[in-house]
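Remarks on the structure that follows.
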Amino acid sequence: MRRALADPLSVVLEWQATVNADAADRLLHLVAEDVVIIGPRGVAIGREIMRHWLMRARLRSTTYDAFQKDDVVVVAQHARWHSASGDVSGEADVAARAVVADGLITEYERYDRLADALKAAGLTEKDRVRIDAGPDEEPETRRF
366 MRRALADPLS
376 VVLEWQATVN
386 ADAADRLLHL
396 VAEDVVIIGP
406 RGVAIGREIM
416 RHWLMRARLR
426 STTYDAFQKD
436 DVVVVAQHAR
446 WHSASGDVSG
456 EADVAARAVV
466 ADGLITEYER
476 YDRLADALKA
486 AGLTEKDRVR
496 IDAGPDEEPE
506 TRRF
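Every number in the working numbering is 365 more than the matching position in the sequence shown, counting from 1.
In structure tokens form, the structure reads like this:
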């Protein structure tokens, strides 16, 4: 099913929820076939590569701030990486920049600092958008 009218921020937040739920099949429906993944170790292309990368990383993240202009989204997140046994092997506040086209993520890049992600995306504080909390949650307002 094509997601042409999906809001870019909603797509990114749905992608995050899918990653957190280990729902690899659903993940493939949220990213373009030729998605560009930019990480600390270089650039890779393709949704299968993204799926394998996320399975290896065992990433769980919580978004606490978001910025958007047109099809570009930056999210500030608290991330946890888990070992094969399920123990937390790393934890940090990070940021991610995503480009969304036709309801699919076409580019994804992780940053160690929110300021760097905002600069790369051409976004500023004026581009901050509200993140709706779940029914039992309060939105967080932490800053880097």
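Heads up, the beta-carbon is just placed ideally off N, CA and C, and yes, glycines get one too. Remember, predicted model here, so these are calculated numbers, not experimental data.
Exercise for review: Tell me whether the beta-carbon of Ala389 lies closer than 8 Å to the beta-carbon of Arg416.
Suggested key: In this structure, Ala389 sits near Arg416, with a CB-CB distance shorter than 8 Å.
Practice item. Count the other CB atoms, across all protein chains shown, that sit within 10 Å of the CB of Ser375; report buried if there are 16 or more and exposed otherwise. Key: exposed
Practice item. Let me know the alpha helix (DSSP H) ranges lying completely inside the region 469-498, each 4 residues or longer, listed in chain order. Key: 479-486
Review point. Where does Leu392 fall in DSSP's three states?
Key: helix
Review point. If Pro511 and Gln433 are in contact, beta carbons under 8 Å, what's the gap, nearest whole angstrom?
Key: The requested residue 511 is not part of the displayed model; the chain covers only 366 to 509.
Check your understanding: Taking C-alpha atoms, which residue in Arg462, Ala463, Thr427 lies nearest to Glu456?
Key -> Thr427
**Study point:** Extent of the continuous alpha helix (DSSP H) run through Ser450
**Key:** No alpha helix (DSSP H) holds Ser450; DSSP gives it neither H nor E.
Check your understanding: What span of residues does the alpha helix (DSSP H) with Ala382 cover, start to end?
Key -> Where Ala382 is concerned, the enclosing alpha helix (DSSP H) starts and stops at 373-385.
Review point. Which whole-angstrom value is the C-beta distance of Val438 and Val396, which I expect to be below 8 Å?
Key: Their Cβ separation, rounded to whole angstroms, is 13 Å, which puts Val438 and Val396 out of contact at 8 Å.
Check your understanding: By how many angstroms is the C-alpha of Gly487 removed from the C-alpha of Asp387?
Key -> One C-alpha to the other measures close to 31 Å.
Point to revise | Check whether Leu419 and Val384 have beta carbons under 8 Å apart | key: yes
Review point. Is it true that the CB of Val494 sits closer than 8 Å to the CB of Asp477?
Key: no
Check your understanding: What do you get for Val408, buried or exposed, if any count of 16 or more other CB atoms within 10 angstroms of its CB means buried?
Key -> exposed
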